[in-house]
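Accompanying notes for the structure given below.
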Amino acid sequence: MKYTSLGRGGVRVSSIGLGFWQAGSRLWGFRDSRVYDAVKLGLEYAVEEGINFLDTAEVYGGGLSEKVLGEAVRGLGRDNFVVASKVAGYRVTSGSIVRGVEGVNRRLGFTVDLIQLHWPPPYPWPLCWAVRGLEEAVSRGLAHYYGFSNFSTKLLEGALKCFRRVEPVSNQVQYSLAFRTPELKLAPFMKSRGLTLIAWSPLAKGALTGLKAPTSPAQRGDKVFSRASRDERLQEALRLVAEKLEASRAQVALAWLIAKGAIPIPGFRDPGRVKEYAGAASLNMGEAEVGFLDSVSGEYVKAWGDDYGELLSLRLTPAILQRIAITLMGGI
Ligand SMILES: NC(=O)c1ccc[n+]([C@@H]2O[C@H](COP(=O)([O-])OP(=O)(O)OC[C@H]3O[C@@H](n4cnc5c(N)ncnc54)[C@H](OP(=O)(O)O)[C@@H]3O)[C@@H](O)[C@H]2O)c1
């Protein structure tokens, strides 16, 4: 396994992480007695392979993902892992964010390493209130680091003007061969400020592995999944590179992100995937392969917009409505 650091000189994390949205999520049809065993086995493989970076959130399965992950991490040894979670973007005051991080730690059963704001605060709440809440959580020892998620370049610029003592380390955004918008402005800006880019949906929810038909509502409702799964040219390119490197398509898609300087956090229901994902870190992907994949996926640099968006529909939904909707759904 190869390792990198979070932000400028932060904690050492594997160049590939694991996402735990699936664990306990109805949208992934994975909220039953199999979840704990799948998470535990996935983490056992992660330890064997040297993957130490894990990502969850308070809204995943309404807290179930954090509970299951926390129990499995404690069972396998807390020191083996760097755990990231997220407080929901409907937490718009500093006090609510601090209470949110306390809840995260209660469910995990330990102090979270990286706390992220899952999505930007809805209008008209000031961005600096949220940033101060995250800083406050770190200052009080409730988290070791903080970062953002789904922040556009403009919001990130704004957020970087807010902090007083503790610098953020990361921004978690959608990034894959089928969604390359971050390359336009966001990724270069983040690099210039020493912020780590954590890539969510790095496999376009499985579409980049060759999966043709959705197997869950989460995939069914995803435009990036449906376009990538039908893109024969991209699928053929992944197949060719995979054959050349004696790897799988998933490994090629993940190795491409690592080559771009991002940390991909692929998710899973089948724990066997963890071993496959880990293999991406040691894949010998040269400039020729990266250049070829760049060219066949060129349309995805601008296909989804000219700059990474700030989830406008969520920003226009009042915080209280967001909270009620997510609570009634039992999380996402
Ligand atoms: N910050 C945010 O707003 C945000 C948003 C979305 C996601 N995330 C994070 O990012 C993580 C990963 O993103 P994601 O879950 O959206 O998608 P992803 O990692 O792109 O795709 C994961 C899915 O790919 C499927 N897959 C992998 N290899 C496969 C194969 N060979 N054949 C068929 N299917 C295969 C897996 O299926 P199985 O389930 O069958 O194993 C898995 O559920 C999440 O878990 C979460 O932690 C964050």
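To get my numbering, take the position in the sequence shown, counting from 1, and add 8.
Beta carbons are placed, not taken as given, at the ideal position from N, Cα and C, and that holds for glycine.
Please read all numbers here as calculations on a predicted model, not as lab measurements.
I'd like to know if the region 300-310 and the region 183-192 are in contact, where contact means that at least 3 CB-CB pairs between them fall below 8 Å.
yes
Considering Cα atoms alone, identify which of S209, R42, S104 is closest to A327.
S104
Helix, strand or coil: which one does DSSP assign to T101?
coil
Does the beta-carbon distance from K157 to Y316 come in below 8 Å?
In the sequence as displayed, the identity of residue 157 is Ser instead of Lys. It is not a contact, given that the beta carbons lie outside the stated cut-off.
Best match in K75, L194, T64 for proximity to L116 [C-alpha to C-alpha]:
K75
To test your reading of the DSSP string, which unbroken beta strand (DSSP E) runs of 3 or more residues are found completely within the region 202-233?
204-208
Can you list, in chain order, the residues of its chain with a C-beta nearer than 6 Å to that of V260? Leave out the 5 residues immediately preceding and following it.
L246, V249, A250
Taking its Cβ as the centre, do 16 or more other Cβ atoms sit within 10 Å of Y154, making it buried, or is it exposed?
buried
Going by Cα to Cα distance, which pick from W29, V100, A195, A221 is closest to G69?
W29
To which residues does DSSP link F61 through a beta bridge?
V90
If you follow the alpha helix (DSSP H) that Q30 is in, where does it begin and where does it stop?
No alpha helix (DSSP H) holds Q30; DSSP gives it neither H nor E.
Sequence-distant residues of its chain with Cβ nearer than 6 Å to R99 (five each side left out)
I105, G108
So F187 is in the beta strand (DSSP E); what residue range does that whole segment cover?
It is not in any beta strand (DSSP E) - F187 carries neither H nor E in the DSSP assignment.
At a cut of 8 Å, does the region 171-180 reach the region 229-242 through at least three beta carbon pairs?
no
Need the endpoints of the alpha helix (DSSP H) that Y285 sits in, please.
281-287
Give me, in chain order, the residues of the same chain whose beta-carbon lies closer than 6 Å to that of L194; leave out the 5 immediate sequence neighbours on both sides.
T161, Y316
Taking the runs of the alpha helix (DSSP H) that are 4 residues or longer, which of them lie wholly in the region 301-334?
320-323
Determine the burial state of A221: buried for a count of at least 16 other Cβ atoms within 10 Å of its Cβ, exposed for fewer.
exposed
Got a sec: does ligand 1 put a non-hydrogen atom nearer than 7 Å to the Cβ of S157?
yes
My understanding is that V81 touches F89, with C-beta atoms under 8 Å, so please give their C-beta distance in whole angstroms.
5 Å
Proximity to Y183 [Cα-Cα], best of S33, K283, W312:
W312
Answer yes or no: the CB of F187 versus the heavy atoms of ligand 1, is any distance below 7 Å?
no
Going by beta-carbon coordinates alone, are D302 and L192 separated by less than 8 Å?
no
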